[in-house]
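**Student:** Heads up: the protein sequence lines correspond to chains A and B, in order. Sequential numbering of the first sequence, starting at 1339, is according to the numbering used here. Sequential numbering of the second sequence, starting at 431, is according to the numbering used here. Backbone N, C-alpha and C define an ideal beta-carbon position, used for all residues, glycine too.
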Amino acid sequence: MAGVVIIGAGQAAAQTAASLRQEKFEGPITLFGEEPEFPYQRPPLSKDYLAGKISVEKTLVRPEEFYSSKNIVVNLNTKVEEIDLEQNTVSTASAETFKYDNLVIATGSRARELKIPGSELNGIHYLRSIKDVDSIRGEMRTAREICIVGGGYIGLEVAAVASVLGLKVTVLEMESRILKRVTTPEMSEFYHALHTKKGVDIICGAQVKSFEGESSVTSIVTEEKTFKSDLVIVGIGILPNLELAKNAGIDCENGILVNESCQTSVKNVYAIGDCSNHPNPILNRRLRLESVPNAMEQARVAANNILGGDKKYSTIPWFWSDQYDLKLQMLGFSADGERSVIRGEVSEEKFAVFYLSNQKIVAVDAVNSPKEFMLAKQLYGEKADPEQLSDVNYDLKKMLS
Amino acid sequence: MATIKFIEFDGTEHVVEGANDSSIMEAAVTNLVPGIDADCGGECSCATCHVLIDQVWRAKLDEPSEIEESMLDLNPDRTEDSRLSCCIPVTEDLEGITIKLPEFQY
């Protein structure tokens, strides 16, 4: 028996291995990861790990000993170069070949690069791996002015950490508002004001033209103005790592195409996590998600199906972001709503925005409001009375009965 | 270190060792105890590590934080024994603790 080969060693890969063992699979499980670390969680990288509050060990999905104790082989520092669908093999950069019965592609995603004059200078970073953050942390000790290109969640989380550490922080956003791709103008405005209050300078509509400096970056040039900066973090989105699959002849389109069982166009090949483009039966459309809960659930679905089960993927996407002492929990997509209802006080930094379509809850953005998040999780797609939702004196528990 | 007994909803028992500097959730996940999803990895953001701890053991724990309390409040399976296991650190005081798992995580 050749067993299950998993390409990737991130959260989805680790969860697949764990779920296979949990479901009593006794055959070989082999992971291939390009990075030197055992599978770790990426969300803390732009939060507590960047702030130096937690160690690498604390970011690990499971302790190192877990893998050997469960007979899971983890090949670190190993890049898979090719998948041979005829032979059912994968080969690594060192030309070793491994056979599989079932293959799971969990190759994740990579940071989208900014290719402009000067982008090869030292002091310009992306934030995707432990290695990236270790370099950033090192340079943050001596940096005074940090520029962040991109006002998405990664950029804003970095801005929060850096400003708490006392750096002068500027965020340059190309769009007319921060978080434009992921949330509503109201939420953008709230986070813009929050960061401004903390001393972060946010400039929207900024077209970054070039970086300047001798060997290290010293300034960043936009159409309007030049900003002094001795450290730059670029957070302008990610790209799915689908090339291995595509080169092997597996169907891809904005990710590796899979069905509700996380199966690709090839029967014994699965794709999960950030790299997969999957159907969501609740939202009734295909999605490619950059999210841990999605990675975990797809891993469980793939493991179950590999072992002959019929578990189908069917969950409502949700996300979270921590900035300063604010916990933002999001469920569904606010763009699906026709109207919004606010519960709580925006000025007190404790509120939730429910998004309704045909009077049904289709999304929520909850700032320091876990109760409202939990409510939406359970009442997704159900009718809700906007007056009850907006009335803080109305006990939400009544809606669940 | 503490020996922890998890009891699944169907009665299946798992006795595991929880390491200091880890949480009850991590002890479960590391030992492949089914029934705890922990989708957020232990940041008290998802409430999918819900467990039930009886009053005697609960008395040895710190009170839940406001966030944990709010996350639990709207859980349909909530009882007075409910806690989120990512928010409970393993300590020697918990040697022999018994923890029950709910049927579903929400």
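#1: When you compare only the Cα positions, how much space is there between I1454/A and V1509/A?
#2: Buried or exposed for S453/B, going by 16 or more other Cβ atoms inside 10 Å?
#3: Going by CA-CA distance only, name the one from S1384/A, D1439/A, E1710/A that's closest to T1368/A.
#4: Only counting runs of 3 or more residues, tell me where the beta strand (DSSP E) segments fall wholly within the stretch 1396 to 1449 of chain A, in order along the chain.
#5: Could you please give me the residues that DSSP links to R1310/A through a beta bridge?
#6: Three-state secondary structure (DSSP) at S512/B?
#7: Does the distance from the C-beta atom of A531/B to that of L1713/A stay below 8 angstroms?
#8: Are there 16 or more other CB atoms within 10 angstroms of the CB of F1692/A, so buried, or fewer, so exposed?
#9: Taking G1371/A as the reference, give the member of H1533/A, S1429/A, V1538/A with the closest Cα.
#10: Anything in chain B within Cβ reach of V1411/A, meaning under 9 angstroms, just list it in chain order.
#11: For V1555/A, would you say it is in contact with chain B, using Cβ-to-Cβ distances shorter than 8 angstroms as the test?
#12: Between N1597/A and P1619/A, how many whole angstroms is the CB-CB distance? I'm expecting something under 8 angstroms.
#13: So, is Q1425/A buried or exposed, given that buried needs 16 or more other C-beta atoms within 10 angstroms?
#14: Measure how close the beta-carbons of L1577/A and R1450/A come, nearest whole angstrom, since I'm counting them as under 8 angstroms.
#15: Fully enclosed by the stretch 1618 to 1689 of chain A, which alpha helix (DSSP H) runs are 4 residues long or longer?
#16: Just to check my reading of the structure: N450/B and V520/B have Cβ atoms closer than 8 angstroms, yes? What is that Cβ distance to the nearest angstrom?
#17: Would you check if there are 3 or more beta carbon pairs closer than 8 angstroms linking the stretch 1678 to 1688 of chain A to the stretch 1643 to 1652 of chain A?
#18: Apart from the five residues on each side of it in sequence, which residues of its chain come closer than 8 angstroms, Cβ to Cβ, to E498/B?
#19: Taking Cβ positions, are N1579/A and G1446/A nearer each other than 8 angstroms?
#20: When you compare only the Cα positions, how much space is there between Q1636/A and T1560/A?
#21: Over the uninterrupted beta strand (DSSP E) stretch that includes F1376/A, give me the two end residues.
#22: Can you tell me where the alpha helix (DSSP H) holding I1468/A begins and where it ends?
#23: Would you mind telling me which residues of chain B sit closer than 8 angstroms to Q1360/A, beta carbon to beta carbon, in chain order?
#24: Round the Cβ separation of F1436/A and V1343/A to the nearest angstrom and send it over; I've been treating them as touching at under 8 angstroms.
#25: Helix, strand or coil: which one does DSSP assign to F1370/A?
#26: Report all residues from its chain with a CB closer than 6 angstroms to the CB of V1507/A; omit the five preceding and five following residues, and keep chain order.
#27: Against chain A, with Cβ distances strictly below 8 angstroms, would C470/B count as a contact?
#28: Would you please state the rounded distance, in angstroms, between the beta carbons of V1399/A and Q1379/A? I believe it to be under 8 angstroms.
#29: Quick one, are the C-beta atoms of S1603/A and D1589/A less than 8 angstroms apart?
#30: Cα separation between E447/B and V459/B?
#31: How would you list, in chain order, the residues of chain A whose beta-carbon sits under 8 angstroms from the beta-carbon of N505/B?
#32: Interface residues of chain A around D440/B at Cβ under 9 angstroms?
#33: Give me the chain B residues within the contact set of Q1667/A, using Cβ-Cβ distance strictly less than 7 angstroms, ordered along the chain.
**Tutor:** Per the coordinate set shown:
#1: Rounded to whole angstroms, I1454/A and V1509/A show a C-alpha spacing of 18 angstroms.
#2: Taking a 10 Å sphere around the C-beta of S453/B, we find 16 or more other C-beta atoms and assign the residue as buried.
#3: Closest by alpha carbon: D1439/A.
#4: Segments of the beta strand (DSSP E) lying fully in the stretch 1396 to 1449 of chain A: 1410 to 1413, 1418 to 1422, 1427 to 1430, 1435 to 1437, 1440 to 1443, 1447 to 1449.
#5: Because chain A here runs from 1339 to 1739, residue 1310/A falls outside it and cannot be looked at.
#6: It is a strand residue.
#7: Residue identity differs from the one stated: residue 531/B is Leu in this sequence, not Ala. Taking 8 angstroms as the cut-off, the beta carbon of L531/B is found no closer than this to the beta carbon of L1713/A.
#8: Its Cβ being crowded by 16 or more others within 10 Å, F1692/A is buried.
#9: Here the closest residue by C-alpha is S1429/A.
#10: Near V1411/A there are no residues of chain B at all, since even the closest Cβ is about 17 angstroms away, more than 9 angstroms.
#11: No, V1555/A does not count as interfacial toward chain B.
#12: Rounded to the nearest angstrom, the Cβ distance from N1597/A to P1619/A is 11 angstroms, too far for a contact under 8 angstroms.
#13: Under this definition Q1425/A is an exposed residue.
#14: The Cβ separation is near 5 angstroms, so the contact holds.
#15: Those alpha helix (DSSP H) runs which fall completely within the stretch 1618 to 1689 of chain A and span 4+ residues are 1630 to 1644.
#16: Confirmed, Cβ separation roughly 6 angstroms.
#17: Under the 8 angstroms Cβ criterion, the stretch 1678 to 1688 of chain A does not count as touching the stretch 1643 to 1652 of chain A, having fewer than three qualifying pairs.
#18: Excluding positions up to five away in sequence, the list reads C474, R513, L514, C517.
#19: Yes, Cβ-Cβ distance for N1579/A and G1446/A is below 8 angstroms.
#20: Those two C-alpha atoms are separated by around 41 angstroms.
#21: It is not in any beta strand (DSSP E) - F1376/A carries neither H nor E in the DSSP assignment.
#22: Note, I1468/A: alpha helix (DSSP H), 1468 to 1478.
#23: Under a criterion of Cβ atoms nearer than 8 angstroms, the residues of chain B adjacent to Q1360/A are, in order, L462, P464.
#24: Here F1436/A really is in contact with V1343/A; their C-beta atoms are around 6 angstroms apart, less than 8 angstroms.
#25: Correct three-state label for F1370/A: strand.
#26: Taken in chain order, the residues that qualify are I1484, A1497, A1500, S1501, V1538.
#27: It does; some Cβ of chain A falls within 8 angstroms.
#28: The pair is a contact, with the Cβ atoms about 6 angstroms apart (cut-off 8 angstroms).
#29: Contact flag set, yes.
#30: V459/B has its alpha-carbon roughly 12 angstroms from the corresponding atom of E447/B.
#31: Here the neighbours are M1712.
#32: Neighbours of D440/B on chain A: none; closest Cβ ~15 angstroms, over 9 angstroms.
#33: Going along chain B in sequence order, the residues near Q1667/A (Cβ under 7 angstroms) are S475.
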